[in-house]
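K.L.:
Chains as they are written, first to last, in my numbering: chain X, 54 to 193; chain Z, 54 to 193; chain Y, 54 to 193.
So that we are looking at the same thing, I have put the structure below in structure tokens.
Here it is as structure tokens:
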């Protein structure tokens with residue numbers, strides 16, 4: 054097993070809620086570092102997450118954000134958190150803040166339509182994403 | 054650490070939304086390959102996921118699907134995705150498309166009532182599930 | 054890689070729905086066992102989960118529980134599960150029952166505001182949480 058460490062990506066969101074494709078950047082880290090194993094994508098924020106979903110039709114992303122907005126609207130009469138972004142925290146907890154993708158032969162084992170998406174729920178902001186390649190290929 | 058690779062299970066769903074038990078098949082892969090470590094179960098589709106939940110009363114599964122259907126119905130006036138399965142993508146993002154289960158002494162460390170469930174949200178279809186056993190027992 | 058095994062934490066909840074901070078206990082296990090790698094926190098129950106969210110303002114936690122209660126109320130006319138806790142199973146599936154946190158230099162790579170939270174959805178009860186440190190630092 055090769056000794057790797059966590060790498061950090063920088064992401065800049067431009068809206069309050071936005072989905073940003075990270076697949077290419079994660080793929081690059083994996084190609085250089087992992088033969089067989091997996092990669093952990095981790096978002097170190099409490100109002101942004103990561104999900105794996107369709108990368109073909111952009112309507113899938115916007116329908117997802119619209120539905121999530123209806124389920125968890127920005128304002129509810131019972132929210133007490135002073136920063137006014139309780140919805141962002143709830144959305145993050147529902148979507149999750151990490152994703153694990155398998156790797157074989159240096160390639161992400163994503164399904165044909167899958168992409169890795171950063172989910173901004175309280176932008177626009179500058180954000181970080183940690184990427185931890187894990188190589189299990191034995192390596193002497 | 055023993056050198057393992059990802060294995061693929063085949064799953065056939067018979068309804069649009071359906072929960073299918075994978076526990077036995079994952080257990081078999083783990084028993085043969087892992088002493089101490091974990092297993093990653095990954096669904097390479099964008100309209101199907103995986104969850105860990107109760108394996109005893111089948112009403113838990115049907116109540117789960119019914120509740121999810123009420124939260125995320127098939128049709129919403131604001132959906133724009135042409136394939137008409139935006140709900141399937143949203144359900145998948147909420148449930149998640151991977152599960153990690155710990156292993157000790159070659160056995161899944163599932164709780165007494167836990168099972169590993171494939172979640173079909175746009176069937177009936179033939180699907181694949183990737184299973185990646187990770188053995189951390191030193192392999193000397 | 055050092056040979057580690059799964060450790061078990063004990064958690065006692067005092068309400069039906071409650072969020073309990075596990076960060077310190079997970080940090081202690083990691084500090085003693087992992088130089089570079091990650092830790093898997095796994096809840097072996099079907100009516101309790103784990104999430105990563107804000108550890109600063111306690112209103113974030115209560116707003117989260119209130120919102121989740123509105124989305125998935127305890128009673129629905131169509132629930133059939135005899136134990137009357139179908140909502141607890143649904144909440145668990147939405148939040149998830151495991152969390153992975155990266156580690157470098159023996160420290161959890163949590164974001165500034167992040168904590169690791171046990172989510173009780175059918176308490177009060179005595180619960181267990183499995184913690185699996187994974188050290189990838191080479192170890193000879």
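Even glycine gets a Cβ: it sits at the ideal position worked out from N, Cα and C.
Ordered along the chain, which non-local residues of its own chain (more than five positions away) have a Cβ less than 6 Å from that of residue 84 of chain Z?
P.N.:
Locating residue 84 of chain Z in the second chain gives position 31, where the first residue counts as 1. Cβ neighbours of residue 84 of chain Z beyond the five flanking positions: 159.
K.L.:
In chain order, what residues of the same chain have a beta carbon less than 7 Å from the beta carbon of residue 66 of chain Y, not counting five sequence neighbours either side?
P.N.:
Within the third chain, numbered from 1, the residue matching residue 66 of chain Y stands at position 13. Hits under 7 Å: 73, 173, 176, 177, 178 and 180.
K.L.:
Taking the alpha-carbon positions, what's the residue 116 of chain Y to residue 131 of chain X distance?
P.N.:
On the third chain, residue 116 of chain Y is found 63 positions in, with the first residue counted as 1. On the first chain, residue 131 of chain X is found 78 positions in, with the first residue counted as 1. In a straight line, the C-alpha of residue 116 of chain Y is about 7 Å away from that of residue 131 of chain X.
K.L.:
Give every residue of the same chain whose Cβ lies closer than 8 Å to the Cβ of residue 184 of chain Z, excluding the five residues on either side of it in the sequence, and list them in chain order.
P.N.:
As a first step, residue 184 of chain Z is located in the second chain; it is residue number 131 there, counting from the start. Once the five neighbours on either side are set aside, the close Cβ partners of residue 184 of chain Z are 59, 60, 61, 62, 78, 79, 82, 92, 93, 94 and 95.
K.L.:
Tell me whether residue 196 of chain Z is buried or exposed, calling it buried when 16 or more other Cβ atoms sit within 10 Å of its Cβ.
P.N.:
Any property of residue 196 of chain Z remains undetermined from this structure, which presents chain Z solely from 54 to 193.
K.L.:
Just the chain Y side, please: which residues come within less than 7 Å of residue 104 of chain Z by C-beta, in chain order?
P.N.:
Here residue 104 of chain Z corresponds to residue number 51 of the second chain, with the count starting at 1. Result: 146.
K.L.:
For residue 117 of chain Z, return the contacting residues in chain Y, with the cut-off set at a CB-CB distance below 8 Å.
P.N.:
Translated into positions along the second chain, residue 117 of chain Z becomes position 64. Per Cβ cutoff of 8 Å: 139, 142, 143 and 146.
K.L.:
Let me see if you follow: with CB-CB separation under 9 Å, is residue 193 of chain X close to chain Z or not?
P.N.:
As a working note, residue 193 of chain X is residue 140 in the first chain. Because residue 193 of chain X sits at a pLDDT of 38, beneath the cut-off of 50, its placement in the model cannot be relied upon, and the point is left open.
K.L.:
Classify residue 68 of chain Z as buried or exposed, calling it buried when 16 or more other Cβ atoms lie within 10 Å of its own Cβ.
P.N.:
To locate residue 68 of chain Z, count along the second chain from 1; it is residue 15. Exposed, by the Cβ-count rule.
K.L.:
So that I know if they touch, is there some Cβ in chain X lying closer than 9 Å to that of residue 111 of chain Z?
P.N.:
Taking the first residue of the second chain as position 1, residue 111 of chain Z is located at position 58. No - not a single Cβ of chain X is within 9 Å of the one on residue 111 of chain Z.
K.L.:
Looking at residue 121 of chain X and residue 148 of chain X, is the spacing between their C-beta atoms short of 9 Å?
P.N.:
Translated into the one-based positions of the first chain, residue 148 of chain X becomes position 95. Translated into the one-based positions of the first chain, residue 121 of chain X becomes position 68. Yes, the Cβ-Cβ distance between residue 148 of chain X and residue 121 of chain X is below 9 Å.
K.L.:
Just list the residues that DSSP pairs residue 131 of chain X with in beta bridges.
P.N.:
Locating residue 131 of chain X in the first chain gives position 78, counting from the first residue. Its beta-bridge partners do not exist; DSSP assigns none.
K.L.:
Starting from the beta carbon of residue 135 of chain X, find every residue of chain Y whose beta carbon is closer than 8 Å, and list them in chain order.
P.N.:
In the first chain, residue 135 of chain X corresponds to position 82, counting from 1. 110 and 112, listed in chain order.
K.L.:
Does DSSP put residue 200 of chain X in a helix, in a strand, or in coil?
P.N.:
Nothing can be reported for residue 200 of chain X, as the shown portion of chain X is limited to 54 through 193.
K.L.:
Does any residue of chain X have a CB that is nearer than 9 Å to the CB of residue 151 of chain Z?
P.N.:
Within the second chain, the letter at position 98 stands for residue 151 of chain Z. Interface residue, yes.
K.L.:
In this structure, does DSSP put residue 174 of chain Z in helix, strand or coil?
P.N.:
Mapped onto the second chain, residue 174 of chain Z falls at position 121. Coil.
K.L.:
Can you name the start and end residues of the alpha helix (DSSP H) that residue 111 of chain Z belongs to?
P.N.:
To locate residue 111 of chain Z, count along the second chain from 1; it is residue 58. Segment 111-124, the alpha helix (DSSP H) holding residue 111 of chain Z.
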